[in-house]
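Working notes, structure below.
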Amino acid sequence: MKNFTSLLFTLILGYATILAQTYTTPNTGVDWTLTDIANASPSTISVDGNEFTLQENLVIAENDKLRIDTDAIVLVENAILLTVFGEFEVSADETMFQAADVNFPYQGFRFEEFSTIMIQNATITNGGGLRVLTEDFTIDNSIITQNVAGGITTGAVISLSRGMPQITNNEITFNELPAISSAANAEVSATISGNYIEGNNTLNANRPQINLGSTTTTEDLQIIDNVIIGDVLNTEAGGIAIANLLGGTIRAIVSGNEIRDNRYGITIVGGTATVEISENIIEDNNTQGNPNLGGSGININASTNDMEITAFGNEIRRNLWGITLQGEASINLGDDTNNPGGNVFSENGNNNEIFALYNNTPNTISALNNCWVEGVENTLAIAESVIFHQQDDNTLGEVLFDPVNCEVLDVTENTLESFTFYPNPTKNTLHFSSGFSIQTVEIFSANGVSVFSEEILEDQQEVRFNLATGIYFVLFTSNDNQVVRKLLIQ
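For the sequence shown, position 104 (counting from the first letter as 1) is numbered 204 according to this note's numbering, and the numbering increases by one without interruption.
This is how it looks when you write it as structure tokens:
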């Protein structure tokens with residue numbers, strides 16, 4: 101009965117799309133506003149103050165532009181689609197795109213090849229997502245939430261096709277599809293930075309929240325300083341996947357992200373891959389609970405031995421596996437020349453065994469200067485006990501892990517367990533709680549400049565500030581401890 105209902109809804113939606121009329125701007129080089137279109141075609145857009153209702157499909161022609169630079173609420177009728185061949189610029193302080201009736205979602209947005217798209221400070225909800233066929237695409241400081249499957253996109257709520265699109269400082273949460281994807285046969289080197297991504301793929305399909313294919317051969321895909329939180333009920337939803345199963349190249353930097361509570365953390369699949377994985381916090385990615393199907397903090401899988409993957413400074417805790425290597429995959433976890441190591445492992449295990457690194461390949465892996473068991477003085481014997489390699493199965497490659505190094509730890513995990521701060525992202529307020537007495541809170545810009553500092557009074561658990569939108573670091577200091585955390589300010 102459920103499948104029949106879904107099919108019936110799809111048929112109704114398709115029928116409604118066929119019936120909907122379409123208004124196309126005249127392609128004369130005009131810079132249109134919503135009010136302009138309403139005046140030109142009242143059947144397309146109706147107006148009530150700053151509330152605009154889109155009642156027909158709208159197409160912005162190749163030489164025209166739709167500009168929204170004053171605050172507006174745009175209500176979109178059932179199954180309506182906004183298509184852009186020209187320019188689409190949303191620059192107001194606050195613009196809302198939502199279904200006129202949340203029970204009847206709109207188709208979404210289709211941005212054609214060679215269109216120019218810039219969206220900021222927008223909320224996009226109850227629609228069918230953003231299909232991005234152009235490489236000239238920027239979305240910043242926006243909220244994309246509770247959008248549905250069955251609209252204009254199929255892979256993710258933001259579906260990319262080419263070039264170097266920019267997705268920065270957004271909240272992408274609780275959409276039926278994954279957050280961001282690119283086609284398997286596309287070449288996309290996006291910048292995905294400073295976003296808060298949580299609970300996407302609510303349909304619980306076997307896809308990660310960020311799901312990308314091959315990249316361009318000249319520019320890096322950058323997934324940097326994002327927070328990627330899963331939903332424990334979505335047991336099939338992973339964190340980040342980059343794969344080139346249909347050929348092509350992978351060039352990527354995955355750095356500074358917090359990846360928690362997904363089926364797995366990061367996976368790289370396919371050869372011809374040059375990837376840096378650095379300074380990520382990858383914790384509790386074990387929602388499915390089946391070590392035969394996933395649960396790795398980092399998984400590398402390739403059928404050919406032509407990867408250049410380096411990993412350093414990552415904190416990998418409480419996943420079913422720490423790092424797993426499959427097929428002909430290889431990774432550099434620390435060497436004597438260019439990679440400092442400094443990866444920290446803690447409590448990654450399943451079936452009552454700890455697996456910091458599982459080398460299920462014939463390749464020799466360099467893994468110097470890492471902390472294999474956090475919170476204790478590491479020895480070579482301790483490291484050996486949590487690494488699965490040639491010593492455990494002589495058909496596998498060896499892991500070279502001497503010397504070990506746990507000096508990167510400033511604060512023990514037991515101390516940090518009592519420390520919390522919220523909200524993150526925030527606008528102007530930060531709350532904190534800890535098992536130790538915090539004396540100062542200091543906020544630094546991304547380039548290390550102190551922009552806020554306050555001495556903390558006894559029992560004080562809040563600070564207020566007024567800072568520009570962006571990525572910051574906040575330092576909590578006591579007599580004995582210092583805790584540094586990334587902070588996103590909206």
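Glycine residues also receive a C-beta, built at the ideal position from the N, C-alpha and C atoms.
Distance, Cα to Cα, Asp148 vs Ala192? On the sequence shown, position 48 is the one that residue 148 refers to. On the sequence shown, position 92 is the one that residue 192 refers to. The straight-line gap from Cα to Cα measures roughly 18 Å.
With DSSP collapsed to three states, give me the class of Ile258. Position 158 of the sequence shown, counting from 1, holds the residue named residue 258. Here Ile258 sits in strand by DSSP.
Contacts around Gly422, its chain only, beta-carbon distance under 7 Å, and the 5 residues preceding and following it disregarded: The residue given as residue 422 occupies position 322 in the sequence shown. Same-chain partners within the cutoff: Gly397, Ile416, Phe445, Asn448, Phe455, Ala456 and Leu457.
Verify whether the separation of the beta carbon atoms of Thr315 and Ser293 is less than 8 Å. Position 215 of the sequence shown holds residue 315. Position 193 of the sequence shown holds residue 293. Cβ atoms of Thr315 and Ser293: not closer than 8 Å.
Would you check if the distance between the CB atom of Leu233 and the CB atom of Phe209 is smaller than 8 Å? Taking the first residue of the sequence shown as position 1, residue 233 is located at position 133. Taking the first residue of the sequence shown as position 1, residue 209 is located at position 109. The beta carbons of Leu233 and Phe209 sit no closer together than 8 Å.
Straight-line CA distance for Ser534 to Asn443? For the purposes of this step, residue 534 is taken as the residue at position 434 of the sequence shown. For the purposes of this step, residue 443 is taken as the residue at position 343 of the sequence shown. CA-to-CA, the gap between Ser534 and Asn443 works out to about 25 Å.
Are Val176 and Tyr206 close, meaning C-beta to C-beta below 8 Å? Residue 176 sits at position 76 when you count from the first residue of the sequence shown. Residue 206 sits at position 106 when you count from the first residue of the sequence shown. Yes.
Going by the DSSP bridge assignment, what does Val354 pair with across the sheet? On the sequence shown, position 254 is the one that residue 354 refers to. In DSSP, Val354 forms a bridge with Ile323 and Ile377.
With distances taken from CA atoms, which of Ile571, Val327, Phe532 and Thr404 is nearest Val551? By one-based count along the sequence shown, residue 551 stands at place 451. Checked all of Ile571, Val327, Phe532 and Thr404; the closest Cα to Val551 is Ile571.
Measure how close the beta-carbons of Asn401 and Gly339 come, nearest whole angstrom, since I'm counting them as under 8 Å. Here the question's residue 401 lines up with position 301 in the sequence shown. Here the question's residue 339 lines up with position 239 in the sequence shown. Wrong, their Cβ atoms sit about 15 Å apart, outside the cutoff.
Return helix, strand or coil for Asp559, following the three-state DSSP convention. For this step, residue 559 is matched to residue 459 along the sequence shown. Three-state DSSP puts Asp559 in coil, outside helix and strand.
Run of the alpha helix (DSSP H) containing Ala140, from where it starts to where it stops: Counting from 1 along the sequence shown, the entry for residue 140 is found at position 40. Run containing Ala140: Leu134 to Ala140, per the alpha helix (DSSP H) assignment.
Identify every residue that forms a DSSP beta bridge with Leu166. Here residue 166 corresponds to residue number 66 of the sequence shown, with the count starting at 1. DSSP lists Trp132 and Phe188 as partners of Leu166.
Closest by CA to Leu321, which one among Arg564, Leu433, Ser281 and Pro440? For the purposes of this step, residue 321 is identified with residue 221 of the sequence shown, where counting begins at 1. Checked all of Arg564, Leu433, Ser281 and Pro440; the closest Cα to Leu321 is Ser281.
With three or more beta-carbon pairs closer than 8 Å as the criterion, would you say the segment 223 to 231 touches the segment 247 to 267? yes
The alpha helix (DSSP H) enclosing Glu484, as first and last residue numbers: The residue labelled residue 484 in the question sits at position 384 within the sequence shown. That run of the alpha helix (DSSP H) goes Leu480 to Ser485.
What's the C-alpha gap between Thr124 and Val174? The residue you call residue 124 lines up with position 24 of the sequence shown. The residue you call residue 174 lines up with position 74 of the sequence shown. In a straight line, the C-alpha of Thr124 is about 18 Å away from that of Val174.
Would you mind listing the beta strand (DSSP E) stretches within the segment 415 to 465 that are 3+ residues and don't spill past its ends, in chain order? 415 to 417, 421 to 427, 444 to 446 and 457 to 460
May I ask you to list the residues that DSSP assigns as paired with Tyr364? Start at 1 with the first residue of the sequence shown, and residue 364 comes out as number 264. Bridge partners of Tyr364: none, in fact.
Using the rule of at least 16 other Cβ atoms within 10 Å of the residue's Cβ for burial, across every protein chain shown, is Gln155 buried or exposed? Along the sequence shown, read from residue 1 onward, the residue named residue 155 stands at position 55. By the neighbour-count rule (16 or more Cβ atoms within 10 Å), Gln155 is buried.
Pairwise C-alpha distance: Gln582 and Ala483: For the purposes of this step, residue 483 is taken as residue 383 along the sequence shown, with counting starting at 1. For the purposes of this step, residue 582 is taken as residue 482 along the sequence shown, with counting starting at 1. Whole-angstrom Cα-Cα distance: 27 Å.
Pairwise C-alpha distance: Ile329 and Ile359: On the sequence shown, residue 359 is found 259 positions in, with the first residue counted as 1. On the sequence shown, residue 329 is found 229 positions in, with the first residue counted as 1. Cα to Cα, Ile359 sits roughly 6 Å from Ile329.
Please look up how many angstroms separate the CB atoms of Asp275 and Ile244, rounded, as I've assumed it's under 8 Å. Working through the sequence shown from its first residue, we reach residue 275 at position 175. Working through the sequence shown from its first residue, we reach residue 244 at position 144. Per the sequence shown, residue 275 should be read as Asn rather than Asp. Confirmed, about 7 Å.
Smallest Cα separation from Pro503: which of Pro523, Leu480 and Gly497? On the sequence shown, residue 503 is found 403 positions in, with the first residue counted as 1. In this structure, Leu480 is the residue among Pro523, Leu480 and Gly497 with its C-alpha nearest to the C-alpha of Pro503.
For Asn334 and Asn311, the rounded distance between their alpha carbons: Taking the sequence shown and counting its residues from 1, one reaches residue 311 at position 211. Taking the sequence shown and counting its residues from 1, one reaches residue 334 at position 234. So the two alpha carbons sit approximately 16 Å from each other.
Buried or exposed: where does Gly250 fall if 16 or more other Cβ atoms within 10 Å of its Cβ makes it buried? Taking the sequence shown and counting its residues from 1, the one referred to as residue 250 is at position 150. It counts as buried.
Across which residues does DSSP place Thr410 in a beta bridge pair? Walking along the sequence shown from the start, residue 410 turns up at place 310. The partner list for Thr410 (beta bridge, DSSP) reads Glu376 and Asn432.
Are Ile323 and Asn357 close, meaning C-beta to C-beta below 8 Å? As a position in the sequence shown, residue 323 is number 223, starting the count at 1. As a position in the sequence shown, residue 357 is number 257, starting the count at 1. Yes, the pair counts as a contact, with Cβ atoms nearer than the cut-off.
Between the Cα of Asp169 and those of Glu189, Ile137 and Val159, spot the shortest distance and give me the residue it belongs to. As a working mapping, residue 169 is identified with position 69 in the sequence shown. Relative to Asp169, the option among Glu189, Ile137 and Val159 whose CA is nearest is Glu189.
Figure out for me which residue from Val369, Asn494 and Asp435 has the closest Cα to the Cα of Thr404. Within the sequence shown, the letter at position 304 stands for residue 404. Per the Cα distances, Val369.
Can you give me the start and stop residues for the beta strand (DSSP E) that Arg307 sits inside? In the sequence shown, the residue the question calls residue 307 occupies position 207. No beta strand (DSSP E) holds Arg307; DSSP gives it neither H nor E.
What's the C-alpha gap between Ile381 and Val476? One-based indexing of the sequence shown puts residue 381 at position 281. One-based indexing of the sequence shown puts residue 476 at position 376. Rounded to whole angstroms, Ile381 to Val476 spans 19 Å at the Cα level.
Distance, Cα to Cα, Ala467 vs Ser485? Position 367 of the sequence shown holds residue 467. Position 385 of the sequence shown holds residue 485. C-alpha separation (whole angstroms): 15 Å.
Extract the residue ranges of the beta strand (DSSP E) inside the segment 192 to 225, only unbroken runs of 3 or more that lie entirely within it. 195 to 199, 208 to 211, 216 to 220 and 222 to 225
Beta-carbon contacts of Gly227 that lie in its chain and below 8 Å, excluding the five residues immediately before and after: Within the sequence shown, the letter at position 127 stands for residue 227. Result list for Gly227: Val176, Phe197, Gln198, Ala199, Pro205, Tyr206, Gln207, Gly208, Phe209, Asn247, Val248 and Gly251, in chain order.
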